[in-house]
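Notes for the one structure printed next.
Protein chains in written order, with full-length UniProt numbering: chain A, 1 to 637; chain B, 1 to 637.
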């Protein structure tokens with residue numbers, strides 16, 4: 001691929017086009033295959049029977065509604081048989097259940113009830129959990145808790161316009177904000193290759209990861225410098241913190257078990273994004289050989305991003321103000337109750353900012369009227385227990401900083417070792433960036449350290465900065481890095497090996513794409529699939545070679561009533577920042593809004609630069625007359 | 001004040017109007033006074049001689065240029081006497097220098113050179129440091145390093161339009177983004193009291209802190225609930241990490257030594273902010289009794305803030321998408337080389353987000369051609385050493401969550417104590433939010449813990465949520481919390497007591513506003529002023545009373561060439577989030593962009609809500625035809 005990218009016009013270098021196939025045969029056998037599609041007659045180049053694995057999931061509500069056992073449990077909960085059409089279920093993979101193992105393809109049905117078709121079911125969770133056998137197409141067991149929790153009788157609380165109107169109506173005091181680009185956008189696309197503000201990259205999309213960014217480079221004053229070969233969100237796990245059976249099975253691997261691509265929303269202009277938007281579709285093969293298309297699966301737009309840089313000199317009133325622009329490549333996927341808006345944000349200064357906004361609805365469970373939800377959950381509404389959980393995302397970074405041979409250093413800012421009063425640190429103020437080279441996969445298993453503002457830098461040791469003499473690098477700056485809270489040796493710990501550390505580094509291999517393994521459903525974690533098996537004893541060198549950095553970040557969510565019945569979006573973000581990569585600030589040539597030099601302030605030279613935005617207006621027509629306050633800062637009570 | 005705020009029409013409750021006075025008498029004596037201005041004849045109610053303190057700073061360049069010692073040092077550096085008008089200095093307080101003590105009012109002059117009046121001086125630092133006596137109005141000493149570093153002969157690198165044009169010119173591929181509010185803004189002001197989206201607060205401003213927000217409340221479905229009595233950025237310190245004398249003196253307290261209000265920029269429409277903006281001025285008393293006004297010291301505007309919430313139901317294609325709005329109250333101040341853009345961002349969901357964007361220019365020092373800048377600094381340009389430093393900000397929060405009696409809990413998300421395999425945690429997945437009540441000032445000295453995603457919640461123990469049974473709270477979510485890197489016992493550690501811990505809590509007292517003390521310049525740190533002296537032995541109760549939470553956050557900056565000659569803005573942000581405060585999601589009544597219910601999807605009911613933004617457009621006139629790519633995710637190399 002690298003050879004072809006270097007000489008894209010040389011057809012002899014074009015990689016062969018190969019389809020990656022998974023087949024589930026009636027009876028449960030699973031085959032992995034590769035089919036070479038390059039020639040007119042496709043040829044199967046790999047065909048392998050997989051033992052005890054379960055591929056990504058495809059659904060089950062109708063079976064629940066007609067199963068006699070489920071109907072009986074619904075009756076016990078207070079739902080008469082004639083209301084079974086009001087019963088809903090979210091089909092989850094079973095995760096792993098030691099009573100059933102990995103050879104039978106199973107789903108657990110999280111059960112809910114809608115008193116009315118337009119009432120959100122997550123406020124009426126049911127307390128039992130049917131287990132569905134995908135091969136038999138039947139419910140094969142029902143997990144029934146010791147404590148029964150009949151259907152909640154609380155009044156519904158909904159976010160539908162009808163419900164909001166009934167509760168007092170919509171607020172009417174929001175005036176529109178219009179965002180327009182009358183001269184068009186500043187990016188261009190050729191096929192799926194995007195160019196914007198010195199950036200160039202290819203926007204891929206697959207069923208599993210959704211957006212995949214390939215071949216990311218930056219045109220540095222005429223020299224196209226590679227930065228990343230491939231960037232994607234490669235896996236995630238959402239462990240829930242309630243120890244009661246069967247809630248331990250709630251630890252969804254949304255990418256590996258369901259597919260962020262498959263679950264992607266079709267986006268709407270003026271809703272999901274505002275301004276001037278370009279959309280890309282996503283195509284998947286359907287079971288019958290046709291193409292399934294998600295229209296507008298990806299949206300691309302620019303945003304004003306505040307001040308890019310500013311400086312005034314206090315002594316002479318010279319000033320420069322330059323505004324920033326950013327480019328957003330976004331998808332939103334719905335994993336049953338939750339939505340994840342994944343944004344790949346590019347900045348003019350060479351920074352890449354992956355950002356995920358979490359919204360949607362809490363996963364909920366039934367709670368009795370007199371029952372305490374704590375400490376493993378919160379009563380967010382009468383009858384509704386929202387369990388503690390984590391969202392742990394795994395970012396896969398295949399760096400190519402000035403070429404394929406890169407190294408990762410862990411960087412801690414620490415005080416000097418010398419004591420206060422010693423000649424080398426007399427006043428005690430010395431501190432520096434301590435670097436630890438992660439030169440084997442074993443050494444690279446590293447955790448976050450907030451106290452040292454720990455970062456990790458991907459460097460090219462052969463590309464030395466002319467001034468700082470430091471290697472060209474991209475630094476991972478990530479601050480939302482909770483540890484995996486399920487304990488060492490726990491089911492989640494075993495299955496989600498990638499989440500044990502904030503950072504892993506491996507030597508690049510073609511088929512190591514997804515850190516919980518290729519087939520995730522019903523893995524037992526014995527052995528732990530994906531990263532732990534690839535790393536093995538960890539002796540492989542990760543220094544000055546083609547490497548992959550795996551970063552697990554996320555947040556721990558202790559629910560609150562503010563999150564219900566639908567969650568205001570909570571963003572989580574991190575940065576990949578160039579350090580010692582560019583010769584100097586790479587955005588000096590972004591036109592300022594306003595610039596005046598000392599000699600211009602003094603009236604001794606011409607050429608004040610004034611590109612002030614003329615569309616901006618004062619908020620009130622009468623200027624400051626609307627306000628007549630004073631600067632009093634009111635402190636004494 | 002609280003009584004008056006409760007009954008603002010009762011003039012008998014109006015607090016007396018009192019001026020806080022600092023007088024520096026020729027000879028160096030300092031007096032603190034209070035003058036009651038309520039009656040026609042002002043009366044002095046306090047007049048106190050202060051011993052060994054130095055008030056905030058006022059400048060010195062002209063003295064340096066004519067001082068014979070400075071002229072001689074410039075000559076040694078390679079600057080002839082006739083070029084002394086090209087010599088500049090940034091007047092810093094001396095911090096503290098044990099050779100000179102606290103009784104003489106001193107400044108240290110950080111020296112620079114401009115080969116041309118329009119060339120930024122920070123790329124030509126000089127290696128010596130004159131000390132200025134403000135009372136004598138003369139240079140009284142010059143610190144001269146052992147290693148001499150003559151004036152750099154490097155070519156200048158500038159960010160002026162002339163320099164950029166000479167280097168190839170501005171990029172021409174940025175198309176404008178217009179942001180307009182044709183129907184006006186959604187906020188209103190009465191005097192300095194702002195109302196927006198259920199929020200109401202008073203915008204104060206003073207010489208020291210700049211913006212001060214008072215009396216912040218939220219109209220919760222008709223009930224005005226107090227949240228914060230007062231919010232401000234109360235202090236900051238910028239310690240530099242180079243141990244060589246006299247760099248230990250570089251640890252600016254920009255608020256306490258210079259004043260974020262005094263240093264505030266006058267903002268420009270369409271430059272510093274875009275859209276529909278309202279400005280407020282800041283007024284200060286001048287030495288001659290007149291008023292000094294900074295026009296447009298504060299800007300206020302709304303921004304579209306992406307998705308507020310979204311949910312789709314995978315089974316029936318029902319969907320709701322609601323966009324978010326935020327309100328920004330901003331000031332930008334210039335502390336010699338650096339600029340700090342301080343934004344107070346209000347969200348519709350009850351979140352307050354203080355955000356600071358750091359830009360401007362690195363503090364620089366001279367570096368010889370063959371000299372290594374490491375490990376205490378980085379050579380960012382030939383001849384320019386940018387020292388490691390931290391920016392540590394102290395946010396002062398005086399909460400009033402449903403009333404004045406509040407308590408702070410430290411919250412850590414931790415695994416269950418029960419081992420894997422035990423009946424109470426069989427699968428090992430149990431975790432919860434462990435709360436530690438910080439009920440004394442001593443106990444409240446707490447540090448950040450990234451591993452437990454540590455937060456701090458300000459609660460009203462008497463205001464219990466009807467569903468969750470937890471107390472109403474605002475949670476401090478802050479992730480950029482480096483420790484103070486100067487060591488325990490160091491000069492900075494002694495002077496910046498507030499920076500020793502991420503959080504301190506004190507019982508409210510009228511005159512405890514600024515955590516490094518009232519008069520900051522030249523404090524020795526023995527004793528440590530401000531927070532450490534107020535806390536004392538720490539035995540005072542901070543539970544269920546009127547409290548102040550002091551939060552120190554910030555970042556550690558290891559400079560890189562990308563930061564030079566001017567820094568792309570680096571944001572640092574934190575959140576104050578309502579948890580168990582609102583009965584449920586408080587933004588359900590924000591009109592959605594689009595909402596369709598299951599029955600509407602099925603064509604069984606009317607009333608699809610469609611308020612899609614009609615100003616949004618496709619990026620390319622020919623829609624998707626410009627792109628003809630495929631979803632290939634290119635993995636094998």
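In this text, a Cβ means the ideal position worked out from N, Cα and C, and glycines have one as well.
Item                                                                                                                                                                                                                  : Value
Report yes if the C-beta distance between residue 180 of chain A and residue 173 of chain B is below 7 angstroms; otherwise report no.                                                                                : no
Using a Cβ-Cβ cutoff of less than 6 angstroms, which residues in the same chain neighbour residue 570 of chain A once the five nearest sequence positions on both sides are dropped?                                  : 358
Closest to residue 327 of chain A by CA distance: which of A:405, A:309, A:352 and A:427 is it?                                                                                                                       : A:352
Given a threshold of 16 other Cβ atoms within 10 Å of its Cβ, counted over all protein chains shown, does residue 602 of chain B qualify as buried or as exposed?                                                     : exposed
Measuring straight from C-alpha to C-alpha, what distance separates residue 50 of chain A and residue 230 of chain A?                                                                                                 : 28 angstroms
Please identify, using Cβ separations under 9 angstroms, the residues of the region 165-184 of chain A that lie next to chain B, in order along the chain.                                                            : 167, 168, 169, 170, 171, 172, 173, 174, 175, 176, 177, 178, 179, 180, 181, 182, 183 and 184
I'd like the span of the alpha helix (DSSP H) that includes residue 64 of chain A, first residue to last.                                                                                                             : 61-66
Per DSSP, residue 79 of chain B forms a beta bridge with which residues?                                                                                                                                              : For residue 79 of chain B, which the question treats as bridged, DSSP gives no partner whatsoever.
Listed in chain order, which residues of the region 605-619 of chain A have Cβ atoms closer than 8 angstroms to some Cβ of chain B?                                                                                   : 605, 607, 609, 612, 613, 614, 615, 616, 617, 618 and 619
Name the two residues that bound the continuous beta strand (DSSP E) containing residue 179 of chain B.                                                                                                               : 178-180
According to a CB-to-CB cut-off of less than 9 angstroms, which residues of the region 250-277 of chain B neighbour chain A?                                                                                          : 250, 251, 261, 263, 265, 268, 269, 270, 271, 272, 273, 274, 275, 276 and 277
At a threshold of 6 angstroms, does residue 562 of chain A count as lining the ligand ZN (C-beta to nearest heavy atom)?                                                                                              : No copy of the ligand ZN occurs in the structure displayed, which carries no ligand at all.
Strictly below 7 angstroms CB to CB, what residues from chain A border residue 308 of chain B?                                                                                                                        : 568 and 569
According to DSSP, what are the bridge partners of residue 365 of chain A?                                                                                                                                            : A:385
Measure from the C-beta of residue 68 of chain B to each C-beta in chain A and report whether the shortest distance is under 7 angstroms.                                                                             : no
Name the chain A residues that come within less than 7 angstroms of residue 579 of chain B, Cβ to Cβ?                                                                                                                 : 560 and 562
Going along chain A in order, which residues have a C-beta closer than 7 angstroms to the C-beta of residue 483 of chain B?                                                                                           : 451
By how many angstroms is the C-alpha of residue 111 of chain B removed from the C-alpha of residue 251 of chain B?                                                                                                    : 16 angstroms
Using the Cβ count rule (16 or more neighbours within 10 Å means buried), how would you classify residue 67 of chain A?                                                                                               : buried
Return the Cβ separation of residue 476 of chain A and residue 551 of chain A in integer angstroms, given the expectation that the two are a contact with Cβ distance under 8 angstroms.                              : 6 angstroms
Tell me the rounded alpha-carbon separation between residue 557 of chain A and residue 35 of chain A.                                                                                                                 : 43 angstroms
Under 8 angstroms: do the region 192-205 of chain A and the region 188-198 of chain B share three or more Cβ pairs, one atom per stretch?                                                                             : no
Could you compute how far the alpha carbon of residue 282 of chain B sits from the alpha carbon of residue 5 of chain B?                                                                                              : 23 angstroms
Who are the near neighbours of residue 430 of chain B in its chain, counting only those whose CB is closer than 6 angstroms to its CB and skipping five residues on each side?                                        : 416
Below 9 angstroms on C-beta distance, what does residue 324 of chain B contact in chain A?                                                                                                                            : 568 and 569
Between the C-alpha atoms of residue 496 of chain A and residue 531 of chain A, what's the straight-line distance to the nearest angstrom?                                                                            : 9 angstroms
Assign residue 12 of chain A to one of three DSSP states: helix, strand, or coil.                                                                                                                                     : helix
Answer yes or no: does any C-beta atom of chain A fall closer than 7 angstroms to that of residue 139 of chain B?                                                                                                     : no
Would you mind reading off the limits of the alpha helix (DSSP H) that contains residue 104 of chain B?                                                                                                               : Premise fails: residue 104 of chain B is in no alpha helix (DSSP H) and is neither H nor E.
Taking only the alpha-carbon atoms, compute the straight-line gap between residue 223 of chain B and residue 506 of chain B and give it to the nearest angstrom.                                                      : 29 angstroms
Please go through the same chain and pick out, in chain order, the residues whose beta-carbon is closer than 7 angstroms to the beta-carbon of residue 626 of chain B, but skip the five residues on each side of it. : The predicted position of residue 626 of chain B is uncertain, since its pLDDT is 44 and thus under 50; a value taken from the coordinates is nonetheless stated next. Once the five neighbours on either side are set aside, the close Cβ partners of residue 626 of chain B are 620.
Beta carbons nearer than 9 angstroms to chain B: which residues of the region 583-598 of chain A have them?                                                                                                           : 583, 584, 585, 586, 587, 588, 589, 590, 591, 592, 593, 594, 595, 597 and 598
In whole angstroms, give me the CA-to-CA distance for residue 386 of chain A and residue 450 of chain B.                                                                                                              : 24 angstroms
By the DSSP assignment, the alpha helix (DSSP H) with residue 165 of chain A in it spans what residues?                                                                                                               : 161-166
Using the C-alpha atoms, what's the distance from residue 522 of chain A back to residue 633 of chain B?                                                                                                              : Confidence at residue 633 of chain B is low in this model, with a pLDDT of 33, below 50, so its placement is unreliable and the value that follows should be read with caution. Their Cα atoms are separated by approximately 26 angstroms.
With C-beta atoms as the reference, is residue 376 of chain A less than 7 angstroms away from residue 241 of chain A?                                                                                                 : yes
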